[in-house]
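Undergrad: Following my numbering, the numbering of the sequence shown begins with -6 at its first residue and continues without gaps.
Cβ coordinates follow ideal geometry from the N, Cα and C atoms, glycine included.
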Amino acid sequence: MIRRMFLPPAVVLLAIVATASAQGDAPPPRVAVVRPTPEPVPALRLSLLPRSSELVPGNAAIFYHRAIEFLLSDTYRRQIRALKVKEPPGGGSSEDQVMEWLATPPSRLPRDAVRRFVDEHQRILHEVELGTRRDFCDWEFDRREEGYELNIEDVQETRRLGRLVALRARFEIAEGRVDSAMDWIRTGLALARHVGESRFYIQSMIAAAICGEMTKALEELIQAPECPNLYWALAALPRPFLDLTAATEGEGLLLEREFPRLRDVEGSVWSLEQARAFGDELEQKGGLLLNRWRSPKSTLARPTFADLAEHLAVAGLVARAYPEAKRTLVASGAPAERVESMPAVQVVAIHSYRAYRQKRDDLFKWMSVPYPQAHRGMSEAEKSAFADPPLGFPFAAILPSMQAVFVVQVRVDRQFAAIQTIEAVRCYAASHDGAVPPNLEALIETPTPRDPATGGSFTYAVDGAGFKLSAAPPPGMENVSKYAVDYEVKLAR
């Protein structure tokens, strides 16, 4: 998604996958030491999202924007302070420090330093907490006229908010305050859900990143000596946790928002002025969106020599596509006289828009099917959408990499399912003298969830007094090793 600061959608989403989960050697298994713990009483006493009865009327986005404003102003003050005291370059930012602490086990956190840091950022955390207790979140981007050029750089900062919340949760774990840690994890998960309530996939990616920090905190929490069993709290989480329905609909309409004339391109024969206006729009926006030419400064009505190459590029594209586009429209039932009366750019626009909609729907339709059934068809649709574009305007080049989006949603649910399975074993061990079950089928009172990536069970193997829980990367992402599930869990007596 371009949104000014982004590359074309397919490139962006593939880059997200590559950056978040680099291929290569598989990472070491996550090692956890947990204690046999029965389910809480009452069973639904615990929740990992604010309950509806806890919510108050209001728009959460207002509070998140306040938190972002405080965060940015804090960053600015730190930079000014560093310049005044002439700190040497490369000393590291507060964000670098947060990242380092998030990679440190709670037992090894420098608690005094972390305490000072979270105290300094308390007003930011407070605004986030207030936002997660509101009954709706509306970023109001859907009311904007911009399409791919909409700048949502402010929402990118919610990643940093999520890291702050995760750090606060891990600090509470280090301090032995399990209930408080759970409250902050609840806050972080609610933030992720709100960030993901959008018409854009990029916000879904940000929400997934926040979820990733929260699941790491959950992994640490269930190892705390006093942590209650969270099986039923995890089971009660929405599935999918990040709902992509609105974002899928919004992404499917972005081309029309960027080029509104396409909505009625077949409605009437364009005048010369309308044709030129669309051509100007295509030249100005298409260079960035379609990555074919630079955006000219002059218009088709008054071209300049400096922009001659760009004007010729679009004119040549129309000239090459026009004969086939005209034949296709007439063959589909359009009156030949009417097609002949249309400007060439309108004929090519109709032909290109029809081809785009077919490729878009062939790709997007798979989002309505569970991932285990959808990944093959989606992969084939992507190959078709991005390969051998037909003559005309290459609108399909702006389609997102749907599989990259879908697998991120699935990965979030998979992380929750894996932790829920560990909690199921903790519950079993509590009623079986600390022994782990011989297999997952033995977990009758706390049945294990299915792997959202495959629809089957996780691989489970007893290992001494503990067990191993694993699963290969999701189908279609076999080479992305960090998308695998790999736990070595030991039971403490």
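1) Terminal residues of the continuous beta strand (DSSP E) containing proline 50?
2) On a Cα-Cα basis, can you pick out the residue from Asp381, Glu481, Ile412, Val362 that is closest to glutamine 396?
3) My assumption, with CB atoms under 8 Å, is that alanine 411 sits in contact with tyrosine 364. Please give the rounded CB distance.
4) When you compare each of Ser377, Pro98, Val403 to alanine 348 by their alpha carbons, which one comes out closest?
5) Cα separation between serine 40 and arginine 179?
6) Count the CB pairs spanning the stretch 402 to 409 and the stretch 195 to 210 that are closer than 8 Å, and state whether there are at least three.
7) Go ahead and pull the three-state DSSP assignment for serine 463.
8) Throw me the rounded Cβ distance for the threonine 414 and phenylalanine 451 pair, which I believe falls under 8 Å.
9) Below 8 Å, how does it come out for the stretch 218 to 225 and the stretch 150 to 162: are there three or more Cβ pairs, yes or no?
10) If I measure Cβ to Cβ from asparagine 222 and keep anything under 8 Å in the same chain, skipping five residues before and after, which residues do I get?
11) Spatial neighbours of tryptophan 263 within its chain, please: C-beta separation below 6 Å, excluding the five flanking residues on both sides.
12) For the candidate residues Glu165, Asp135, Trp177, whose alpha-carbon lies nearest to that of glycine 155?
13) Suppose you measure from the CA of proline 82 to the CA of valine 307; what does that come to, to the nearest Å?
14) So, are the CB atoms of histidine 114 and leucine 157 less than 8 Å apart?
15) Would you grab the beta carbon distance between proline 289 and glutamate 274 for me? Rounded to a whole angstrom, and I think it's under 8 Å.
16) Assuming alanine 477 and alanine 54 are in contact, meaning their beta carbons sit under 8 Å apart, how far apart are those beta carbons, in whole angstroms?
17) Indicate the three-state DSSP secondary structure (helix, strand or coil) for arginine 156 in the structure shown.
18) For the beta strand (DSSP E) holding lysine 483, just list the boundary residues, first then last.
19) Short check: CB of glutamate 146 to CB of leucine 64, under 8 Å?
20) In terms of residue numbering, what span does the beta strand (DSSP E) encompassing phenylalanine 129 cover?
21) Quick one: give me the first and last residue of the beta strand (DSSP E) that tyrosine 141 is part of.
22) In chain order, which continuous runs of the alpha helix (DSSP H) of length 4 or greater are located wholly inside the stretch 192 to 264?
23) How is the alpha helix (DSSP H) around aspartate 426 delimited, first residue to last?
24) Excluding the 5 residues flanking histidine 304 on each side, which residues of the same chain have their C-beta closer than 6 Å to its C-beta?
25) Taking the alpha carbon of leucine 489 as the reference point, which residue from Tyr453, Val111, Pro253 has its own alpha carbon closest?
26) Could you have a look at valine 362 and say whether DSSP puts it in helix, strand or coil?
27) Within 10 Å of its beta-carbon, does alanine 314 have 16 or more other beta-carbons around it, so buried, or fewer, so exposed?
28) Quick one: using the 10 Å Cβ neighbour count with 16 as the cut-off for buried, is proline 467 buried or exposed?
29) In the structure shown, what three-state DSSP assignment does lysine 475 receive?
30) Quick one: what's got a C-beta closer than 7 Å to proline 431's C-beta in the same chain, skipping five residues either side?
31) Is it buried or exposed, arginine 250, if we count other Cβ atoms within 10 angstroms and call 16 or more buried?
32) Please state whether DSSP places threonine 414 in a helix, a strand or coil.
33) Tell me where the beta strand (DSSP E) around aspartate 456 begins and ends.
34) On the premise that phenylalanine 409 lies in contact with leucine 227, defined as a C-beta separation below 8 Å, what is that separation, rounded to the nearest angstrom?
35) To which residues of the same chain is cysteine 130 closer than 6 Å at the C-beta, ignoring the five residues directly before and after it?
36) So glutamate 168 and alanine 25 are in contact, right, with Cβ under 8 Å, and what is the actual spacing, rounded?
TA: The structure says:
1) Note, proline 50: beta strand (DSSP E), 49 to 52.
2) It is Val362 whose Cα lies nearest to the Cα of glutamine 396.
3) Contact between alanine 411 and tyrosine 364 is ruled out by a C-beta separation of about 16 Å, above the 8 Å threshold.
4) When each option's Cα is compared against that of alanine 348, the closest is Ser377.
5) Taking the straight line from one Cα to the other gives about 8 Å.
6) Enough Cβ pairs lie closer than 8 Å, so yes.
7) The answer is strand: DSSP assigns serine 463 an E or B state.
8) Between phenylalanine 451 and threonine 414 the Cβ distance is about 6 Å, and since that is below 8 Å, they are a contact.
9) Judged by Cβ distances under 8 Å, the stretch 218 to 225 makes no contact with the stretch 150 to 162, as fewer than three pairs qualify.
10) Excluding sequence neighbours, asparagine 222 sits near Thr30, Pro31, Glu32, Pro33, Glu416, Arg419, Cys420, Ala423.
11) The residues are Pro336, Gln339.
12) Nearest C-alpha to glycine 155: Trp177.
13) Below a pLDDT of 50, predicted positions are generally treated as unreliable, and proline 82, at 48, falls in that range; the measurement from the model is reported next regardless. CA-to-CA, the gap between proline 82 and valine 307 works out to about 47 Å.
14) Yes; because the gap between Cβ atoms is below 8 Å, this pair is in contact.
15) That pair is no contact at about 12 Å.
16) Rounded to whole angstroms, the Cβ separation of alanine 477 and alanine 54 is 35 Å, and the two are not in contact under 8 Å.
17) Helix at arginine 156.
18) Start and end: 478 to 484.
19) Remark: C-beta atoms of glutamate 146 and leucine 64 do not approach each other more closely than 8 Å.
20) Residues 127 to 129.
21) Per DSSP, tyrosine 141 lies in no beta strand (DSSP E) and is assigned neither H nor E.
22) List check, alpha helix (DSSP H) in window: 194 to 214, 224 to 228, 238 to 245, 247 to 251.
23) Taken as a continuous stretch (DSSP letters only), aspartate 426 belongs to no alpha helix (DSSP H), as it is neither H nor E.
24) So the list reads Pro296, once near-sequence residues are dropped.
25) Absent from the structure is residue 489, since the part of the chain shown begins at -6 and ends at 486.
26) Looking at valine 362 - three-state DSSP - the assignment turns out to be coil, as it is neither helix nor strand.
27) Residue environment analysis places alanine 314 among the buried positions, since at least 16 neighbouring C-beta atoms fall within 10 angstroms of its C-beta.
28) Under this definition proline 467 is a buried residue.
29) Assignment of lysine 475 by DSSP, reduced to helix, strand and coil, places it in the helix class.
30) Same-chain partners within the cutoff: Val455.
31) By the beta-carbon neighbour count (other beta carbons within 10 angstroms, threshold 16), arginine 250 is buried.
32) Residue state, collapsed to three classes: helix.
33) 452 to 456 is the span of the beta strand (DSSP E), which, as asked, contains aspartate 456.
34) Right, their Cβ atoms sit about 6 Å apart.
35) So the qualifying residues of the chain are Ala53, Ala54, His187, Glu190.
36) In fact, because the Cβ distance is near 20 Å, the residues do not count as touching under 8 Å.
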